[in-house]
Amino acid sequence: MAEFHPLPPSSGTKWSPNFDALNKAAEERARECEPAVLPSLEHLSWKDYDRVYEPSDDTYLLLDGISLAFQSGMIPTQKHTTLEIGSGTGVPTVYLAQRLQKWSEDKDHVHHVTDINPYALEVSQATAKANSVSLILHECDLVTPLLKELENAVDIVLFNPPYVPTPDDELGSTGIECSWAGGKDGRQVINRAISQLARTLAKPNGQIFMITVDDNAPEDLAQQFANVGLNLKPWVRRRARNEYLTVQRLTWANKEPELM
Numbered sequence: 002m003a004e005f006h007p008l009p010p011s012s013g014t015k016w017s018p019n020f021d022a023l024n025k026a027a028e029e030r031a032r033e034c035e036p037a038v039l040p041s042l043e044h045l046s047w048k049d050y051d052r053v054y055e056p057s058d059d060t061y062l063l064l065d066g067i068s069l070a071f072q073s074g075m076i077p078t079q080k081h082t083t084l085e086i087g088s089g090t091g092v093p094t095v096y097l098a099q100r101l102q103k104w105s106e107d108k109d110h111v112h113h114v115t116d117i118n119p120y121a122l123e124v125s126q127a128t129a130k131a132n133s134v135s136l137i138l139h140e141c142d143l144v145t146p147l148l149k150e151l152e153n154a155v156d157i158v159l160f161n162p163p164y165v166p167t168p169d170d171e172l173g174s175t176g177i178e179c180s181w182a183g184g185k186d187g188r189q190v191i192n193r194a195i196s197q198l199a200r201t202l203a204k205p206n207g208q209i210f211m212i213t214v215d216d217n218a219p220e221d222l223a224q225q226f227a228n229v230g231l232n233l234k235p236w237v238r239r240r241a242r243n244e245y246l247t248v249q250r251l252t253w254a255n256k257e258p259e260l261m
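Numbering of the sequence shown is given in our numbering, commencing with residue 2 and proceeding in unit increments.
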């Protein structure tokens, strides 16, 4: 099996009253939402998970957050262009694609996935094939070579970044380590992604679903996204082992009232 990279214990993060209320509302939504059903992974073996990140608590929470967005009417019934940054096994995009096929009036959706790990893209493609989904694969760092092609063109972005705080010398791998190694505060890859997310997200209705842990200082992260015009709000939140995972939902600022 792949290495288990433990998170440090929660340090009792202090939030502003407003952000604390948003987190509590997200925890309540997570308790009440109907659990998502993973796409089939019968085509994979334990050997694959030595080379690509195995679906875990963060994957399940991301799928639950996507499911709740459908249940809450936040996904329009239109043709969608989607993007997953760091697709790993491909589970989140395949799940989203399956839901869109059932949900939308227009079935001609386009699904892009990127990963710096070439084996992860092979696995993503296999997961898509096993679940009758078509993907467009891109071997690259974040969305770097696609910024012009996808400029303000992506309706839904999925991003489960490498968020684990690690020494910076763990950064830069193209193997399985790239799925978790986040450098100082687990923020080094996330910080580089901020401007790219803003550049690719469709206006005015695009939305991003992104995983964070409390060590990533998400309230500060919300300010960094605000600087590029994006509004970050906790969407669903759940304790996993020794840390809280949160799906942050990002939309263009002034698009919606605050989620409570």
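Even for Gly, the Cβ is constructed at its ideal location relative to N, Cα and C.
What three-state label does DSSP hand residue i in the structure shown?
{"i": "Glu33", "result": "helix"}
{"i": "Asn118", "result": "coil"}
{"i": "Ala254", "result": "coil"}
{"i": "Trp16", "result": "coil"}
{"i": "Pro146", "result": "helix"}
{"i": "Trp47", "result": "coil"}
{"i": "Trp104", "result": "helix"}
{"i": "Tyr164", "result": "coil"}
{"i": "Pro235", "result": "strand"}
{"i": "Val229", "result": "coil"}
{"i": "Thr247", "result": "strand"}
{"i": "Val124", "result": "helix"}
{"i": "Arg240", "result": "strand"}
{"i": "Ile209", "result": "strand"}
{"i": "Val158", "result": "strand"}
{"i": "Thr82", "result": "strand"}
{"i": "Leu136", "result": "coil"}
{"i": "Val53", "result": "coil"}
{"i": "Val38", "result": "coil"}
Leaving out the 5 sequence neighbours to the left and right, which residues in its chain are closer than 8 Å to residue i when beta-carbon positions are compared?
{"i": "Asn255", "result": "Asn232"}
{"i": "His110", "result": "Lys80, His81, Thr82, Thr83, Ala98, Leu101, Gln102"}
{"i": "Trp16", "result": "Asn24, Glu220"}
{"i": "Pro258", "result": "Its pLDDT being 45, under 50, Pro258 is placed unreliably by the model, and the measurement read from it follows with that caveat. Excluding residues within five positions, none has a Cβ falling inside 8 Å."}
{"i": "Asn19", "result": "none"}
Given this structure, state the Cα-to-Cα distance separating residue i from residue j, to the nearest angstrom.
{"i": "Gly183", "j": "Leu45", "result": "26 Å"}
{"i": "His186", "j": "Asp216", "result": "One detail in the question is off: residue 186 reads as Asp in this sequence, not His. Cα to Cα, Asp186 sits roughly 6 Å from Asp216."}
{"i": "Cys141", "j": "Glu106", "result": "32 Å"}
{"i": "Gly89", "j": "Ser180", "result": "8 Å"}
{"i": "Trp253", "j": "Pro168", "result": "33 Å"}
{"i": "Ile67", "j": "Asn153", "result": "21 Å"}
{"i": "Phe226", "j": "Leu251", "result": "9 Å"}
{"i": "Val134", "j": "Leu42", "result": "13 Å"}
{"i": "His112", "j": "Gly74", "result": "21 Å"}
{"i": "Glu244", "j": "Thr60", "result": "15 Å"}
{"i": "Pro77", "j": "Asp170", "result": "42 Å"}
{"i": "Leu69", "j": "Ile209", "result": "14 Å"}
{"i": "Thr175", "j": "Gln197", "result": "20 Å"}
{"i": "Val114", "j": "Gly207", "result": "17 Å"}
{"i": "Pro56", "j": "Asp21", "result": "28 Å"}
{"i": "Ala218", "j": "Lys130", "result": "37 Å"}
Going along the chain, which residues of its own chain have a beta-carbon closer than 6 Å to the beta-carbon of residue i, five neighbours each way excluded?
{"i": "Leu64", "result": "Ala37, Tyr96"}
{"i": "Pro162", "result": "Val190, Ile191"}
{"i": "Phe160", "result": "Ile86, Met211"}
{"i": "Ala223", "result": "Leu233"}
{"i": "Pro146", "result": "none"}
Whole-angstrom Cβ separation of residue i and residue j, contact assumed at under 8 Å?
{"i": "Leu138", "j": "Val144", "result": "Their Cβ separation, rounded to whole angstroms, is 13 Å, which puts Leu138 and Val144 out of contact at 8 Å."}
{"i": "Gly87", "j": "Asp116", "result": "6 Å"}
{"i": "Val155", "j": "Ala203", "result": "6 Å"}
{"i": "Val229", "j": "Ile195", "result": "6 Å"}
{"i": "Pro40", "j": "Asn118", "result": "19 Å between Cβ atoms; not a contact."}
{"i": "Thr128", "j": "Val158", "result": "In fact, because the Cβ distance is near 19 Å, the residues do not count as touching under 8 Å."}
{"i": "Arg200", "j": "Leu148", "result": "6 Å"}
Going by beta carbon distance, what residues of the same chain come within less than 7 Å of residue i, once the five residues before and after it are set aside?
{"i": "Pro235", "result": "Leu23, Asn24, Ala27, Thr247, Gln249"}
{"i": "Phe71", "result": "Arg100, Trp104"}
{"i": "Tyr120", "result": "Arg52, Val53"}
{"i": "Val214", "result": "Leu8, Tyr164, Gly187, Glu244, Tyr245, Leu246"}
{"i": "Thr300", "result": "Since the first residue shown for the chain is 2 and the last is 261, residue 300 is missing from the structure and cannot be characterised."}
{"i": "Arg193", "result": "Leu143"}
{"i": "Lys108", "result": "Gln102"}
key: contact_flag[the region 24–32, the region 232–243] where n(CB pairs < 8 Å) is 3 or more   = The region 24–32 and the region 232–243 touch, with no fewer than 3 CB-CB distances between them shorter than 8 Å.
ask   = How do the region 104–124 and the region 49–59 stand: do at least 3 beta-carbon pairs fall below 8 Å, yes or no?
value = yes
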